[in-house]
Amino acid sequence: MNTRVNPIMPRGSTAEKPFDVVVTPENAGWTFSGLRVLDLPVGSRAKFVTGEDEMLVLPLSGGCDVTCDDERMTLTGRRSVFTRVTDFAYLPRDATVTVRAPNGGRFALPSARATRRLPFRYGAAEDVAVELRGAGQASRQVNNFCTPERFEADRLIACEVLTPGGNWSSYPPHKHDEQGEGESCLEEIYYYEVAASPDGAAGSAYQRVYGHADRPIEVCAEVRTGDVVLIPYGWHGPSMAAPGYDLYYLNVMAGPGAREWLVRDDPAHGWVRGSWNGVPVDPRLPLTDRNERTRS
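So the working numbering is basically just the index in the sequence shown, starting at one, shifted up by 353.
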């Protein structure tokens with residue numbers, strides 16, 4: 354990563370019409386991973402080309418019609434990231450795409466620089482593997498919708514993590530910045546949404562990232578809905594949900610090697626996993642499943 358690039362991208366700081374968030378390999382200072390976010394008013398549409406990137410259309414709120422070249426599909430979507438696991442669409446590189454939202458909505462477009470052109474495809478919510486990780490206050494939910502075992506892509510790996518208020522996730526701290534035995538080399542993007550209070554007040558969360566002696570990076574940042582943190586290398590975690598405010602983040606990863614998601618725990622903190630033996634998962638989990646919940 355270019356050391357002049359700030360790893361913290363507040364909401365709106367990279368906006369470029371029609372996108373509210375734009376992270377590309379060029380503005381991130383790396384090679385593979387990207388993310389765009391579309392915020393579409395009722396009845397509006399956005400047209401764009403994928404270029405060198407494979408992409409997904411992942412509804413954060415609302416549903417949409419997606420046209421890719423001469424094919425079209427409809428995504429049911431969801432009311433919010435805190436109400437349901439969603440369906441999604443895969444977009445190949447070198448395609449012309451239109452996303453239309455009859456009732457408005459917000460849509461994430463994770464991306465990766467791709468060499469293969471795979472077909473335009475539908476990802477059903479019913480096929481998303483919902484995994485509960487950790488235990489106690491380190492419990493979280495992981496929606497494995499575009500991980501290597503669940504969905505085919507050229508380089509792109511993406512998942513969603515939901516952390517109940519007061520819990521820590523991405524913990525113990527881990528890294529994936531060296532290709533080798535038991536570890537992948539992957540650039541990673543974290544995109545956040547934080548649940549509001551009962552009276553609608555905006556919530557916040559916190560993210561920690563730290564580097565090696567020869568590759569320094571230091572992040573301990575407050576994050577809010579729409580913010581992005583870039584992780585080019587180094588140990589990352591925890592992601593901390595403030596008490597009372599559930600935390601969602603979208604992870605987008607890609608790298609030069611095989612499409613594998615292999616991580617290495619910080620040896621100073623990996624012992625924590627052993628302390629979870631016999632400790633139950635937080636009973637608030639799962640926060641979402643394939644059925645729409647009443648929470649907004």
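Glycine included, every Cβ here is placed at the ideal spot set by N, Cα and C.
*So, helix, strand or coil for W588, using DSSP?*
strand
*asked:* If I follow the unbroken alpha helix (DSSP H) through P463, where does it start and stop?
replied: Unbroken run through P463 is the beta strand (DSSP E), 458 to 466; no alpha helix (DSSP H).
*Would you mind stating whether T516 and A448 have Cβ atoms separated by less than 7 Å?*
no
*Can you tell me whether H589 is buried or exposed, with buried defined as 16 or more other CB within 10 angstroms of its CB?*
buried
*Check whether the region 551 to 559 touches the region 570 to 577, counting contact only when three or more Cβ pairs, one atom from each stretch, lie closer than 8 Å.*
yes
*Coarse secondary structure for E540, derived from DSSP in three states*: strand
_Using a 10 Å radius around the Cβ and a threshold of 16 neighbouring Cβ atoms, would you call N520 buried or exposed?_
buried
*Please confirm whether G382 and V358 have their CB atoms less than 7 Å apart.*
yes
*How many Å lie between R568 and C538 at the Cα?*
14 Å
*asked:* Which residue wins for smallest C-alpha separation from V375, given the options L428, V582, I570?
replied: V582
*C-alpha gap between P596 and Q490, whole angstroms*: Take the alpha-carbon of P596 and the one of Q490: they are about 11 Å apart.
*Beta-carbon proximity of T420 to R431, cut-off 7 Å*: no
*Is D480 helix, strand or coil by DSSP?*
helix
*Three-state secondary structure (DSSP) of V375*: strand
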